[in-house]
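Enquirer:
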Amino acid sequence: MLSFLHDTVWTWFLKTRLGRLESAGTRGDVLLHVTDSEEKAGNWQSVLLPREELPPKKPGTVRLVLVSDTHERHFGILLPPCDAVLHSGDILASSRWAPQSHAEDVLRDFGNWLRATSCSSRFVIAGNHDYWIERLGQEAVQELLGDGVQYLEFSSGSFTVELDPSSESQVEVSVFGAPVSAGSSPNRAFQHAEALQQLETSLPNKSDILMTHGPLLSGSRKGLPAIAKVLERLQPSLHVCGHLHWRWGAIVPMSEQVQATGVSINASIMRSLGKLQGQRPLNAPIVCDLQLPDKLPKSTANDKCS
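Each residue of the sequence shown is one higher than the last, beginning at 1 in UniProt numbering.
(1) Going by C-alpha to C-alpha distance, which of D130, V173, G111 sits closest to D147?
(2) By how many angstroms is the C-alpha of A260 removed from the C-alpha of L231?
(3) Kindly indicate which residue of P165, H74, P285, A178 has the alpha-carbon position closest to the one of L234.
(4) In this structure, does DSSP put F154 in helix, strand or coil?
(5) For the stretch 110-129 against the stretch 154-169, do three or more pairs of beta-carbon atoms, one drawn from each stretch, fall closer than 8 Å, so that the two count as touching?
(6) Please list, in chain order, all residues of the same chain as L276 whose beta carbon is under 6 Å from its beta carbon, the five residues on each side excluded.
(7) For the candidate residues E172, D105, R115, H129, whose alpha-carbon lies nearest to that of A140?
(8) Check R135 in the structure and name its three-state DSSP category.
(9) List the DSSP bridge partners of I286.
(10) Nearest CA to the CA of P80: which residue from A98, P59, P55?
(11) Taking a contact to mean a Cβ-Cβ separation below 8 Å, would you say W113 touches V263 in this structure?
(12) On the DSSP bridge list, what partners appear for W44?
(13) Going by DSSP, what residue range makes up the alpha helix (DSSP H) through residue 312?
(14) Nearest by alpha-carbon distance to S88: which of Q150, E194, P293, E172 is it?
(15) When you compare only the Cα positions, how much space is there between D109 and A98?
(16) What's the call for N266, buried or exposed, on a 16-neighbour Cβ count within 10 Å?
(17) Below 8 Å between beta carbons: does that hold for G137 and V180?
(18) Quick one: is W246 buried, meaning 16 or more other Cβ sit within 10 Å of its Cβ, or exposed?
(19) Look at the alpha carbon of L144 and the alpha carbon of M254, and state the distance between them as a whole number of angstroms.
(20) Closer than 6 Å by C-beta to A189: which residues in its own chain qualify, once you throw out the five before and the five after it? Chain order, please.
(21) Cutting at 7 Å between CB atoms, please list the residues of its own chain near G242, excluding the five before and the five after it.
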């Protein structure tokens with residue numbers, strides 16, 4: 001009886017707090033395409049465009065779809081075909097009140113949703129709302145997500161992609177994921193000192209892509225100095241984050257804050273979890289065509305997203 005009441009209250013909470021999905025712009029019919037200027041590397045640009053107007057990826061690039069902070073509203077989003085999907089945490093709606101069975105059902109459904117996307121690889125990390133992910137542990141979470149989805153928890157993954165269409169050779173792209181973030185809300189998964197210690201002891205020497213839940217924001221109460229240190233050590237071409245919903249689409253050259261040359265992009269999907277009137281529209285998925293200079297012939301290497 002107690003379990004039934006718990007599940008009933010949680011269902012009511014989801015409906016009243018998160019509301020319904022807005023039909024326009026929430027099912028992947030609109031995308032944010034992020035590019036680096038061909039004339040001047042580091043001059044980042046973004047354009048919001050209809051899904052059918054997304055141009056083909058350019059030779060020498062890897063097409064990545066970036067999302068984060070879906071908060072159990074993933075089923076309303078149709079992701080475009082790509083080489084890899086990167087989800088930077090907050091799969092669940094809340095850390096504290098959801099029953100374990102609900103969280104497990106969401107994770108299974110989330111894995112099915114990702115597998116429906118036409119791509120070769122899918123990478124996922126947790127966020128501060130993902131209390132049950134932290135409680136269940138990496139092995140159990142990976143089993144719930146299923147095949148074709150790599151759950152990274154202070155760990156690395158990789159995928160292969162053909163960068164040069166004139167050659168049949170493929171290159172390996174490395175990804176490191178850490179669910180750390182900062183904040184003062186009751187949702188505190190992976191925000192404790194032990195998580196930061198685990199981050200320090202698990203770092204590889206290099207990674208092409210870094211995924212964290214928290215953003216690169218110096219001087220902010222939700223910025224995490226540890227992330228800056230990780231960026232300087234790994235020197236990734238791309239850093240994907242979320243956590244700050246209002247920073248969706250923020251494109252921050254790492255060189256503005258740390259000794260690194262890549263770019264940091266906030267991919268938060270959910271605009272608000274607050275008790276607002278009406279519907280809670282979602283932001284558009286982000287598409288980034290990423291160049292990896294270290295993996296291209298010197299004659300064709302430029303810089304980052306192109």
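Even glycine gets a Cβ: it sits at the ideal position worked out from N, Cα and C. The structure presented is a predicted model; accordingly, all values stated were derived computationally and were not measured.
Expert: So, from the listed chains and residues:
(1) Residue numbering aside, residue 147 sits at position 147 when the sequence shown is read from its first letter. Closest by alpha carbon: G111.
(2) Within the sequence shown, numbered from 1, the residue matching residue 231 stands at position 231. Within the sequence shown, numbered from 1, the residue matching residue 260 stands at position 260. Roughly 7 Å separates the two Cα atoms.
(3) Translated into positions along the sequence shown, residue 234 becomes position 234. Considering only alpha carbons, the answer is A178.
(4) Residue mapping note: residue 154 aligns to position 154 of the sequence shown, counting from 1. Coil at F154, not helix or strand.
(5) yes
(6) On the sequence shown, position 276 is the one that residue 276 refers to. Its pLDDT being 44, under 50, L276 is placed unreliably in this model, and the value from its coordinates should be taken loosely. No residues qualify anywhere along the chain.
(7) As a working mapping, residue 140 is identified with position 140 in the sequence shown. Here the closest residue by C-alpha is D105.
(8) What you label residue 135 is simply residue 135 of the sequence shown in a count that begins at 1. Reduced to three states, the DSSP call for R135 is helix.
(9) Here residue 286 refers to the residue found at position 286 of the sequence shown. L32, L66.
(10) One-based indexing of the sequence shown puts residue 80 at position 80. The residue with the shortest Cα to Cα distance from P80 is P55.
(11) Residue mapping note: residue 113 aligns to position 113 of the sequence shown, counting from 1. Residue mapping note: residue 263 aligns to position 263 of the sequence shown, counting from 1. Cβ atoms of W113 and V263: not closer than 8 Å.
(12) Counting from one through the sequence shown, the residue named residue 44 turns up at place 44. BP columns for W44 point to D36.
(13) Residue 312 is absent from the structure shown; the chain starts at 1 and stops at 306.
(14) In the sequence shown, the residue the question calls residue 88 occupies position 88. For the residues Q150, E194, P293, E172, the minimum Cα distance to S88 belongs to Q150.
(15) Numbered from 1 along the sequence shown, position 109 holds the residue referred to as residue 109. Numbered from 1 along the sequence shown, position 98 holds the residue referred to as residue 98. Spanning the two alpha carbons is a distance of roughly 16 Å.
(16) Here residue 266 refers to the residue found at position 266 when the sequence shown is read from its first residue. Buried, by the Cβ-count rule.
(17) Taking the first residue of the sequence shown as position 1, residue 137 is located at position 137. Taking the first residue of the sequence shown as position 1, residue 180 is located at position 180. The answer is no: Cβ separation not under 8 Å.
(18) For the purposes of this step, residue 246 is taken as the residue at position 246 of the sequence shown. W246 should be labelled exposed.
(19) If you number the sequence shown from 1, residue 144 lands on position 144. If you number the sequence shown from 1, residue 254 lands on position 254. C-alpha separation (whole angstroms): 34 Å.
(20) Position 189 of the sequence shown, counting from 1, holds the residue named residue 189. When the five nearest sequence neighbours on each side are left out, the beta carbons in the same chain lying within less than 6 Å of the beta carbon of A189 are those of S95, N128, D130, Y131, E134, in order along the chain.
(21) Walking along the sequence shown from the start, residue 242 turns up at place 242. Once the five neighbours on either side are set aside, the close Cβ partners of G242 are S68, D69, S88, G89, D90, G127, H213, N266, A267, S268.
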